[in-house]
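Remarks on the structure that follows.
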Amino acid sequence: MKRNDCILAAAIFLFAGLLSVMFFLSGNEQGNYVTVTVDKKVYGTYPLDETQDIEILTEFGHNNLHVENGTVCMTEADCPDGYCKRQGEISTEKETIVCLPHKLVVEIQGAKPNGGRTEEQTDGQTGEDYDILVK
Ligand SMILES: [Zn+2]
759 MKRNDCILAA
769 AIFLFAGLLS
779 VMFFLSGNEQ
789 GNYVTVTVDK
799 KVYGTYPLDE
809 TQDIEILTEF
819 GHNNLHVENG
829 TVCMTEADCP
839 DGYCKRQGEI
849 STEKETIVCL
859 PHKLVVEIQG
869 AKPNGGRTEE
879 QTDGQTGEDY
889 DILVK
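The opening residue of the sequence shown carries number 759 in my numbering; numbering runs sequentially from there.
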């Protein structure tokens, strides 16, 4: 009887350990996120593993993003050039869709940004993106 208890305790301990390892691993493989930046300010961050439409309404105009199977594409935009809609789907880290007339940058992130530090980094990258595009 005592021996069985011991085995049970060991099994529970092992199971709990396994669970925490699985939780840890799944946390690491949380998938990518897409960050929407308008006028160098973060408009929102959305997970890529959820099928959704993201409506972006700003003072500059209206855009609609579609997220499905880890890819993002611009489905609607009322900007004059419509260039963002022709940039197609993005799915890998650091890929971007840019809508210059709306000062909009959509960028794939490897992990969910946390805290202001990542926002600062995003700001810097966004500035660089603009410079590259302006040139
Ligand atoms: Zn556009």
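Backbone N, C-alpha and C define an ideal beta-carbon position, used for all residues, glycine too.
From a predicted model like this one, the values you see are computed outputs, not experimental measurements.
- For F771, I'd like the list of residues in its chain whose CB is within less than 6 Å of its CB, leaving aside the five on either flank, ordered along the chain. none
- Does at least one heavy atom of ligand 1 sit under 6 Å from the Cβ of C857? yes
- Query: Comparing the CB of C842 with every heavy atom of ligand 1, is any distance shorter than 6 Å?
  - Reply: yes
- Task: Return the residue from the list Y801, F818 and Y791 that minimises the CA-CA distance to T809.
- Result: Y791
- Message: As a quick exercise: from L862, K760 and G868, pick the residue whose alpha carbon is nearest that of K798.
- Response: L862
- Could you tell me if M832 is buried or exposed, where buried requires 16 or more neighbouring beta carbons within 10 angstroms of its beta carbon? buried
- Task: May I have the straight-line CA-CA distance separating V830 from I848, to the nearest angstrom?
- Result: 5 Å
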